[in-house]
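Position in the sequence shown counted from 1, then plus 177, gives you our numbering. All C-beta atoms, glycine included, are put in the ideal place defined by N, C-alpha and C.
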Amino acid sequence: MPRPMRVDFSGAWHHVMNRGADRRNIFEHEVDHEIFLDALAATRDRSNIEVHAYCLMTNHYHLLVRSMDGRLAAGMQFLSGRFTRMTNQRVGRDGPLFRGRYASVSIDSDAQLVQTCRYIHLNPVVAGLVLRPEAWRWSSAAAYAGSDRSRPWLQTELVLDLFGPGDRLAAYRDFMAVGADQRTVDFYRGIGW
Numbered sequence: 178m179p180r181p182m183r184v185d186f187s188g189a190w191h192h193v194m195n196r197g198a199d200r201r202n203i204f205e206h207e208v209d210h211e212i213f214l215d216a217l218a219a220t221r222d223r224s225n226i227e228v229h230a231y232c233l234m235t236n237h238y239h240l241l242v243r244s245m246d247g248r249l250a251a252g253m254q255f256l257s258g259r260f261t262r263m264t265n266q267r268v269g270r271d272g273p274l275f276r277g278r279y280a281s282v283s284i285d286s287d288a289q290l291v292q293t294c295r296y297i298h299l300n301p302v303v304a305g306l307v308l309r310p311e312a313w314r315w316s317s318a319a320a321y322a323g324s325d326r327s328r329p330w331l332q333t334e335l336v337l338d339l340f341g342p343g344d345r346l347a348a349y350r351d352f353m354a355v356g357a358d359q360r361t362v363d364f365y366r367g368i369g370w
């Protein structure tokens with residue numbers, strides 16, 4: 178049976194996810210996270226993909242991206258290949274790191290965009306790794322809280338602009354404090370995430 182077509186076009190928003198093969202850890206050491214984020218920055222530069230949020234868990238990752246020229250698949254193939262090559266070279270192994278090609282969900286509205294960003298940032302809280310999203314070092318939540326600008330390629334403005342004029346950072350923090358929207362959680366559980 179052929180794979181379903183992915184919806185992608187210039188300016189399309191996507192929630193991209195992938196998981197380690199057999200649910201194995203892909204981020205075991207700090208250097209693994211840094212290698213992935215460097216590969217993500219290279220993907221952004223090479224594939225004209227804007228990165229608006231990310232969260233790296235132990236055995237999977239989440240990205241909120243905007244495909245500026247409708248070539249998301251090529252960008253994600255580059256990211257996966259580069260990270261896998263660099264990781265395998267570092268640890269002296271070969272073979273696949275991920276369970277397969279990435280999964281993605283098209284983002285069709287501003288409401289879905291902010292809910293998805295919150296879902297991504299709450300991952301380490303839900304997993305019991307931290308109490309507050311911005312405390313997870315391997316996520317963009319701290320940038321949205323205004324306490325981390327170490328990733329110049331990360332774009333937070335478009336999502337934060339949806340919280341209106343005034344103190345957008347405080348509005349986003351209040352939005353995060355409410356917790357994940359149950360419909361969003363149920364949706365991702367339903368598709369295996």
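For residue i, write down the residues that DSSP places opposite it in a beta bridge.
| i | result |
| --- | --- |
| Trp190 | Arg243 and Ile284 |
| Ala230 | Leu241 |
| Gly197 | Phe275 |
| Ser327 | None; Ser327 has no bridge partner. |
| Ser316 | Cys232 |
Should residue i go down as buried or exposed, given a rule of 16 or more other Cβ atoms within 10 Å for buried?
| i | result |
| --- | --- |
| Asp209 | buried |
| Glu311 | buried |
| Phe186 | exposed |
| Leu306 | exposed |
| Ala322 | buried |
| Val184 | exposed |
| Ser324 | exposed |
| Val268 | exposed |
| His239 | buried |
Residues in the same chain with beta-carbon distance under 8 Å from residue i, minus the five sequence neighbours each way, listed in chain order, please.
| i | result |
| --- | --- |
| Val303 | Ala357 |
| Asp205 | Reading off the sequence shown, one finds Glu at residue 205, where the question assumed Asp. Here the set comprises Thr235. |
| Phe275 | Asn195, Arg196, Gly197, Ala198, Ile203, Ser257 and Thr261 |
| Arg450 | Since the displayed the chain opens at 178 and closes at 370, residue 450 lies outside it and no answer follows. |
Output needed for residue i: all residues of its chain with C-beta closer than 6 Å, excluding positions within five of it in sequence on either side, in chain order.
| i | result |
| --- | --- |
| Ala354 | none |
| Tyr279 | Val193, Asn195 and Met253 |
| Pro301 | Val307 and Trp313 |
With a threshold of 7 Å on Cβ separation, who are the neighbours of residue i within its own chain once the five nearest residues in sequence on each side are excluded?
| i | result |
| --- | --- |
| Gln292 | Asp358 and Thr361 |
Cβ contact check for the stretch 206-217 and the stretch 184-192: 3 or more pairs under 8 Å: no
With contact counted as at least three CB pairs below 8 Å, one residue from each stretch, are the stretch 262-278 and the stretch 340-357 in contact? no
Ordered list of alpha helix (DSSP H) runs contained in the stretch 243-278, each at least 4 residues: 249-268
Report yes or no: do the stretch 223-242 and the stretch 316-327 share at least 3 C-beta pairs separated by less than 8 Å? yes
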